[in-house]
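Colleague: Residue 74 is where the sequence shown starts when you use my numbering, and the numbers rise one by one after that.
Mind looking over this structure? Questions follow.
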Amino acid sequence: MRILQLVENIKCEVLGSDTIITGLSCDSRLVNEGEVFFAISGLKFDGHDYVEEAVKNGAVAVVVEKTQNVAPNITQIVVENTRVAMGEMAAAYYQYPSSKLKVIGITGTNGKTTTSYLIRAVLKVAGYKVGLIGTIYNLIEDEIIPSKRTTPESLDLQRLLAEMVDKGVDYVVIEVSSHALELQRTSGLEFDLGVFTNLTQDHLDFHNSFEQYFAAKAKLFNNLARQPAILGKAAVINFDDKYGLKMAAQSSAPIYSYGINQPSHFSACDIQVGSRGVKYRLITPFGQMQLNLNLTGKFNVYNSLAAAAVCLAEGIGLDYVKAGLEQVKGVFGRFESVDQGQDFMVIVDYAHTPDSLANVLQTARSLSTNRVIAVFGAGGDRDQAKRPLMGQAAAKFSDYIIITSDNPRSEDPMLICRQIEKGVAQESKEDLLYEIEINRRTAINSAIRLAKTGDVVIIAGKGHETYQEFADHTEAFDDRVEAERALKELLT
Numbered sequence: 074m075r076i077l078q079l080v081e082n083i084k085c086e087v088l089g090s091d092t093i094i095t096g097l098s099c100d101s102r103l104v105n106e107g108e109v110f111f112a113i114s115g116l117k118f119d120g121h122d123y124v125e126e127a128v129k130n131g132a133v134a135v136v137v138e139k140t141q142n143v144a145p146n147i148t149q150i151v152v153e154n155t156r157v158a159m160g161e162m163a164a165a166y167y168q169y170p171s172s173k174l175k176v177i178g179i180t181g182t183n184g185k186t187t188t189s190y191l192i193r194a195v196l197k198v199a200g201y202k203v204g205l206i207g208t209i210y211n212l213i214e215d216e217i218i219p220s221k222r223t224t225p226e227s228l229d230l231q232r233l234l235a236e237m238v239d240k241g242v243d244y245v246v247i248e249v250s251s252h253a254l255e256l257q258r259t260s261g262l263e264f265d266l267g268v269f270t271n272l273t274q275d276h277l278d279f280h281n282s283f284e285q286y287f288a289a290k291a292k293l294f295n296n297l298a299r300q301p302a303i304l305g306k307a308a309v310i311n312f313d314d315k316y317g318l319k320m321a322a323q324s325s326a327p328i329y330s331y332g333i334n335q336p337s338h339f340s341a342c343d344i345q346v347g348s349r350g351v352k353y354r355l356i357t358p359f360g361q362m363q364l365n366l367n368l369t370g371k372f373n374v375y376n377s378l379a380a381a382a383v384c385l386a387e388g389i390g391l392d393y394v395k396a397g398l399e400q401v402k403g404v405f406g407r408f409e410s411v412d413q414g415q416d417f418m419v420i421v422d423y424a425h426t427p428d429s430l431a432n433v434l435q436t437a438r439s440l441s442t443n444r445v446i447a448v449f450g451a452g453g454d455r456d457q458a459k460r461p462l463m464g465q466a467a468a469k470f471s472d473y474i475i476i477t478s479d480n481p482r483s484e485d486p487m488l489i490c491r492q493i494e495k496g497v498a499q500e501s502k503e504d505l506l507y508e509i510e511i512n513r514r515t516a517i518n519s520a521i522r523l524a525k526t527g528d529v530v531i532i533a534g535k536g537h538e539t540y541q542e543f544a545d546h547t548e549a550f551d552d553r554v555e556a557e558r559a560l561k562e563l564l565t
């Protein structure tokens, strides 16, 4: 592609020749001969400081927010915002792949991953080829592609979408994080449907305030239907969430609401939560049906309602919706049972916010015939304000708590635990017991050895993750593996 083709629809100033380019990069160390380098003004580093290195490595053009002192044979593309331009140019370079796919974006604090897998299951049952981009990994049909973050950087995202187009994918379901929306990773991406699951406290270390956190999520719906006349655009909104109506007001696309308590287009009644699944009657504008999910917990009623609303809005039949939703046996690290034949339950879950931890523990309470034992921590270098709130949530719904490390990163894990402890101490339950055990492996072992018949042990915070991050290194660590090992030792 030539430079003028790349910037044809982009507001910019081109200084230099219309040379041929061979690729795009935003990492000066990885630039190849003939590529365009994007100088990103980041949170810690400024890509403009690395323009010279990019040129030495073969860049023939640089995208910048201010002109640079480079050789005259290097073309400079001057833009207002490099991040925005990078997404738009990546879309152009890969021939606008999102316009050739049906793109479903899911945003919200909790429930994105499970909802995405439920939507994928229904679409596949209905005969469509489906791609998935999210927290656990990315999928092109059943081909697994490792995932570094919930929503990839725009260059990687557009390249992945182009690969999906080449492989005949019909739909792509994308988990859209607030970071991705704020940092313009979805720039140049055209969404057909947007889903809002909920909004609770998280990421305030990045967004500074809850208002900014909401505004970041709202960007998905602000941009969903820039041209309201375009058919097929829609927003699927959880009306039971207190921010649902406010989020719906951000969209000029048609709204499909879902909920249990508030009047909604898609709702659930006669809900029965059991240890192996949840049953309810799904009520929709297209008819009613009984659902018997293999996922448990009231939170999965909401996740399945969102998935049903998306698929029915897309014209998928009720029979396919039922078959797809009931087909999903579980999602990695999402209320995932670890069973070695013991007479108590052990559950691993990704819950790492006050709301998600409360939801998981409430479900554990409904399943337990004895006690609820909780093992959890909080990530370092992240929102500190939520730590005591997580402690409060755990204290409210647990009988025994082991506060431990999560991914402490550069922080002192004991200080993180002490912040959680403040929230635990605020609950005045006389029979509540807790301890702090920084070593997560020891904490998991202790919880399982404490467990008795009818107990439910919840190991929360890391879910599908297979590592633990410290200040100077990362270790292999999987809650599921550790729980399984502890159970085998206990039962032998």
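Backbone N, C-alpha and C fix where the C-beta goes; we use that ideal spot for every residue, glycine too.
None of the values given here were measured: they were computed from a predicted structure.
(1) For the putative contact between Val124 and Val135, defined by C-beta atoms under 8 Å, what is the C-beta separation to the nearest angstrom?
(2) Give the straight-line distance between the Cα atoms of Phe118 and Glu255, rounded to the nearest whole angstrom.
(3) So, do the stretch 517 to 527 and the stretch 430 to 448 have three or more beta carbon pairs nearer to each other than 8 Å?
(4) At a cut-off of 7 Å, would you count Ile446 as near the ligand COA, judging by its Cβ distance to the nearest heavy atom?
(5) At 3 residues or longer, what runs of the beta strand (DSSP E) sit wholly inside the stretch 229 to 300?
(6) Check whether the stretch 355 to 363 touches the stretch 162 to 177, taking contact to mean three or more Cβ pairs, one atom from each stretch, closer than 8 Å.
(7) Distance, Cα to Cα, Asn311 vs Asn376?
(8) Among Glu108, Ala533 and Val143, which one has its Cα closest to the Cα of Asn480?
(9) Classify Ala302 as helix, strand or coil using the three-state DSSP reduction.
(10) What residue from Arg455, Ile489, Arg482 and Ser441 has the CA that sits closest to Phe470's CA?
(11) Alpha carbon to alpha carbon, how far is Lys395 from Arg482? Give it in angstroms, no decimals.
(12) Since Ala556 and Val419 are thought to touch, with beta carbons under 8 Å apart, how far apart are those beta carbons, to the nearest angstrom?
(13) In chain order, what residues of the same chain lie with their CB nearer than 6 Å to the CB of Pro301, ignoring the 5 residues before and after it?
(14) Can you give me the C-alpha to C-alpha distance between Arg75 and Gly89, rounded to a whole angstrom?
(15) Please work out which residues of its chain come closer than 8 Å, Cβ to Cβ, to Thr547, disregarding the five sequence neighbours upstream and downstream, and give them in chain order.
(16) Helix, strand or coil: which one does DSSP assign to Ser471?
(17) Rounded to the nearest angstrom, what separates His537 and Val433 at their Cα positions?
(18) What do you reckon, are the CB atoms on Tyr353 and Ala341 nearer than 8 Å?
(19) Out of Glu226, Asp472 and Tyr393, state which residue places its alpha-carbon closest to the alpha-carbon of Leu505.
(20) Tell me, which residues are paired with Leu205 by DSSP?
(21) Near Ile365, which residues of its chain fall below 7 Å by C-beta distance, leaving aside the five closest residues on each side in sequence?
(22) To the nearest angstrom, how far is the alpha carbon of Ala321 from that of Ala386?
(23) Confirm, please, whether the CB-CB distance from Ile147 to Asp268 is below 8 Å.
(24) Tell me where the alpha helix (DSSP H) around Ala127 begins and ends.
(25) When you compare only the Cα positions, how much space is there between Asn183 and Gly261?
(26) From the DSSP output, read off the bridge partner residues of Asp422.
(27) Look up Gly414 in the DSSP assignment and give the residues it is bridged to.
(28) Between the C-alpha atoms of Ala132 and Lys221, what's the straight-line distance to the nearest angstrom?
(29) So, at 7 Å on beta carbons, what are the nonlocal neighbours of Gln492 in its own chain, with the 5 sequence-adjacent residues on each side left out?
(30) Report yes or no: do three or more beta-carbon pairs, one from the stretch 243 to 255 and one from the stretch 217 to 231, lie closer than 8 Å?
(31) Quick one: grab the DSSP three-state call for Lys495.
(32) I need the straight-line Cα distance from Gln141 to Ile150, nearest angstrom please.
(33) Do Ala165 and Glu263 have their C-beta atoms within less than 8 Å of each other?
(34) Cα-Cα, which of Ile206, Val87 and Thr155 is closest to Thr180?
(35) Looking only at its chain, what residues have a beta carbon closer than 7 Å to the beta carbon of Phe287, apart from the 5 residues adjacent to it on each side?
(36) Helix, strand or coil for Gly360? Go by DSSP, reduced to three states.
Modeller: Let me spell this out:
(1) 5 Å
(2) 17 Å
(3) yes
(4) Among the components modelled here there is no ligand, and therefore nothing to report on the ligand COA.
(5) 244 to 248 and 266 to 269
(6) no
(7) 10 Å
(8) Ala533
(9) Because the pLDDT of Ala302 is 45, which lies under 50, any placement of that residue in the model is unreliable, and the number read from its coordinates should be weighed accordingly. Note: Ala302 maps to coil in three-state DSSP.
(10) Ser441
(11) 43 Å
(12) 5 Å
(13) Any answer about Pro301 is weak, because its pLDDT of 46 lies below 50 and its placement is not dependable; what the coordinates show is given next. Here the set comprises Ser325.
(14) 12 Å
(15) Tyr540 and Gln541
(16) coil
(17) 15 Å
(18) yes
(19) Asp472
(20) Leu212 and Val246
(21) Inspection of the sequence shows that residue 365 is occupied by Asn rather than by Ile. Taken in chain order, the residues that qualify are Gly350, Lys352 and Glu399.
(22) 16 Å
(23) Note that residue 268 corresponds to Val in the displayed sequence, not to Asp. No, these two residues do not count as a Cβ contact at 8 Å.
(24) Val124 to Lys129
(25) 25 Å
(26) Ala533
(27) Looking at the DSSP assignment, Gly414 forms no beta bridge with any residue, so it has no partner.
(28) 25 Å
(29) Gln457, Arg460 and Pro461
(30) yes
(31) helix
(32) 10 Å
(33) no
(34) Ile206
(35) Leu272 and Tyr316
(36) strand
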